[in-house]
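K.L.:
Pasting a structure below so you can have a look.
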Amino acid sequence: MKTIRDIMVFGETVLLRVDYNVPVDAHGKVTDTARIAETKPTVDWLRQRGSKVVLLSHFGRPKGKVVEKLRFEPIVPTISKVLEGEVNYVPEAIGEKAVTTAVNHLDQGEVLLLENIRFYPGEEKNDPAFAQELAKLGDIYLNDAFGASHRAHASTVGVAALLPHGAGLLMEREVNALRKVLEQPAAPVVAIIGGAKISTKLDLIKNLLPKVDVLLLGGALANTILLAQGKKVGQSLVEADLAKTVTGLLTEKLFVPEDAVVAVNEKVTAAQARTVTINGIRPDEMILDIGPRTVKRYAEQIARAKTIIWNGPMGMFERKPFAEGTFALARAVADATTNGAYSVLGGGETVSAIHVVGLADKVSFISTGGGAMLEFMEGKQLPGIEALN
Ligand code: ADP
Ligand code: MG
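The C-terminal position of the sequence shown is numbered 389 in the numbering used here, with every residue numbered one higher than the one before it.
Now the structure itself:
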């Protein structure tokens, strides 16, 4: 993978693909600016070298049409503030009239944000003519949108083939961190996998099992394994059709919960939840978190680890009575990191959990890519990364 370091940038117009698909509230206010802030080192690098920076990003899922509430305009002030410098904006992403004019008017060190790239049907189709229109706008193409690199779109793949290209500093950090844990991890390697559905994590588990010393399973996806082992899981979220498939995964490396926090539904108070051994679940109850004995056993493994990979919460941490399993393991991962382990976390809800528990700065690396991180960890080649070779 070529990077920004391999390209002599000085004064050129750089098309920089970023992932500013930020969460917004009902009033359109950005609720988390991390994705913008993470690109600042690359933008700074380019501004310092007198480049004209043209930012390209998607926002939401407009599916190839203009959707008024998915325009970038209302969040431009937020982007300017986070990047600590003026950001110009045009309400289109290609075309001679508005876009080429705006690019030509840029001074060295200035930044221009183009309109939501997914307003154009050519983007997701990776239409060559659309990629050509994008390529016309710059001299160099850089990609910092790790979160979109599992998609072969015009702004992630098509345009890369048409211009000198490389990874931005964020993309470089992501790829280095994920390669480090997959390709040359210090042993023992402990993976923690949780979350909602085992169907979305089967490829991940299969790819990681041979590479890790221990794989700790929790969250609803462990329920399907428990079911396959003949446990009675009551009303727990399961994917019963996968019970057969998951039996094939069972090895002594794979740890499953031995106790759980259960309730008749997720809306109950802490007093209405019960902690039970895995054989003690009543037919009307569901598993909503791992129990304290499981936490202890998992935390012991984490404490021994030199490399930790974590994707997926251990329970329904969004509700207080079922958050302790996830939070306790977060503390264990933070402690292990303090003691020298290298820890990498990813996944939308996993990242949100580490922020809620206040330990985001106590782990080694938090991936900004949800789906992209999963596919990378599944051992797949990501088209947006391949395109940077
Ligand atoms: P990530 O986004 O980190 O990859 P997933 O999307 O796979 O994680 O799953 C996260 C969701 O799984 C959380 O919203 C959490 O509430 C839910 N979850 C975890 N454990 C359980 C459980 N035992 N029962 C129901 N939902 C669960
Ligand atoms: Mg998720």
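Every residue, glycine too, gets a C-beta built ideally from N, C-alpha and C.
Check whether the stretch 50-67 and the stretch 115-134 touch, using three or more Cβ-Cβ pairs below 8 Å as the test.
P.N.:
In short, these stretches touch, since the Cβ pair count reaches three.
K.L.:
Any idea which residues DSSP pairs Asn-143 with across the strands?
P.N.:
According to DSSP, Asn-143 bridges with Arg-17, Ala-167.
K.L.:
Indicate the three-state DSSP secondary structure (helix, strand or coil) for Phe-322 in the structure shown.
P.N.:
Three-state DSSP puts Phe-322 in a helix.
K.L.:
Could you pull out every residue in the same chain whose Cβ sits closer than 6 Å to the Cβ of Arg-304, ignoring the five residues on either side in sequence?
P.N.:
Around Arg-304: Pro-188.
K.L.:
For ligand 4, any of its heavy atoms closer than 6 Å to the Cβ of Gly-147?
P.N.:
Because ligand 4 does not appear in the structure shown, any question about it cannot be addressed here, the ligands present being ligand 1 and ligand 2.
K.L.:
If distances are taken between C-alpha atoms only, which option among Ala-328, Arg-17, Gly-325 comes closest to Leu-163?
P.N.:
Among Ala-328, Arg-17, Gly-325, the Cα nearest to that of Leu-163 is on Arg-17.
K.L.:
Look up Met-373 in the DSSP assignment and say whether it is helix, strand or coil.
P.N.:
It is helical.
K.L.:
Starting from the Cα of Ala-387, find the closest Cα among Thr-277, Asn-143, Leu-169 and give me that residue.
P.N.:
Per the Cα distances, Asn-143.
K.L.:
Closer than 6 Å: is that where the CB of Pro-164 sits relative to any heavy atom of ligand 1?
P.N.:
No; taking the cut-off as 6 Å, the Cβ of Pro-164 has no heavy atom of ligand 1 nearer than that.
K.L.:
Any idea which residues DSSP pairs Val-111 with across the strands?
P.N.:
DSSP, once it has assigned bridges, lists Val-53, Val-87 as partnering Val-111.
K.L.:
Would DSSP call Val-24 helix, strand or coil?
P.N.:
Correct three-state label for Val-24: strand.
K.L.:
Go through its chain and collect everything with a Cβ distance to Lys-231's Cβ below 8 Å, but skip five positions before and after it.
P.N.:
Excluding sequence neighbours, Lys-231 sits near Ile-278, Asn-279, Ile-281.
K.L.:
Which residues bound the alpha helix (DSSP H) around Ile-225?
P.N.:
Per DSSP, Ile-225 belongs to the alpha helix (DSSP H) from 220-228.
K.L.:
Using only alpha-carbon positions, find the residue among Gly-340, Pro-292, Ala-148 that is nearest to Pro-321.
P.N.:
Selected option, being the one with the closest Cα: Pro-292.
K.L.:
Touching or not, the stretch 176-183 and the stretch 332-347, by the rule of three or more beta carbon pairs under 8 Å?
P.N.:
These segments touch.
K.L.:
List the whole-angstrom C-beta distance separating Glu-285 from Ala-263, where the pair is believed to meet the contact cut-off of C-beta under 8 Å.
P.N.:
The pair is a contact, with the Cβ atoms about 6 Å apart (cut-off 8 Å).
K.L.:
According to the Cβ coordinates, are Asn-207 and Gly-370 closer than 7 Å?
P.N.:
For Asn-207 and Gly-370, no; Cβs fall outside 7 Å.
K.L.:
Just to check my reading of the structure: Val-14 and Ile-193 have Cβ atoms closer than 8 Å, yes? What is that Cβ distance to the nearest angstrom?
P.N.:
Actually they do not touch by this definition, with Cβ atoms about 38 Å apart.
K.L.:
Suppose the cutoff is 6 Å on Cβ atoms and the five residues either side in sequence are ignored; what does the same chain contact list for His-150 look like?
P.N.:
Hits under 6 Å: Gly-371, Ala-372, Glu-375, Leu-382.
K.L.:
Given 6 Å as the limit, tell me if Glu-318 has its C-beta closer than that to any heavy atom belonging to ligand 1.
P.N.:
Yes, since a heavy atom of ligand 1 falls inside the 6 Å radius drawn around the Cβ of Glu-318.
K.L.:
Does the distance from the C-beta atom of Thr-33 to that of Pro-23 stay below 7 Å?
P.N.:
Contact flag unset, no.
K.L.:
Are the CB atoms of Val-295 and Gly-315 within a distance shorter than 7 Å?
P.N.:
No, they are not a contact pair.
K.L.:
Do Ala-336 and Ile-302 come within 7 Å of each other at the CB atom, strictly closer than that value?
P.N.:
Cβ atoms of Ile-302 and Ala-336: closer than 7 Å.
K.L.:
Do the CB positions of Glu-172 and Thr-3 come within less than 7 Å of each other?
P.N.:
Yes, they are a contact pair.
K.L.:
Do the CB positions of Ala-167 and Thr-156 come within less than 7 Å of each other?
P.N.:
Going by C-beta atoms, Ala-167 is not nearer than 7 Å to Thr-156.
K.L.:
Would you say the beta carbon of Ile-192 is closer than 6 Å to some non-hydrogen atom of ligand 1?
P.N.:
No.
K.L.:
Beta carbon of Glu-375: closer than 6 Å to some heavy atom of ligand 1?
P.N.:
No, the Cβ of Glu-375 stays beyond 6 Å of every heavy atom of ligand 1.
K.L.:
May I ask you to report which of helix, strand or coil DSSP gives Leu-182?
P.N.:
In the structure shown, Leu-182 sits in a helix (DSSP, three-state: H, G or I).
K.L.:
Under three-state DSSP, which class holds Gly-346?
P.N.:
Strand at Gly-346.
K.L.:
For the pair the stretch 77-93 and the stretch 34-49, tell me if three or more CB-CB distances fall below 8 Å.
P.N.:
The answer is yes - the stretch 34-49 touches the stretch 77-93, with three or more Cβ pairs under 8 Å.
K.L.:
With distances taken between CB atoms, is the gap from Phe-146 to Glu-174 smaller than 7 Å?
P.N.:
Closer than 7 Å, so yes.
K.L.:
Can you name, in chain order, every residue of its own chain whose Cβ lies under 7 Å from the Cβ of Leu-70, other than the five neighbours on each side?
P.N.:
Only Phe-59, Gly-60, Pro-62, Asn-116 meet the Cβ criterion.
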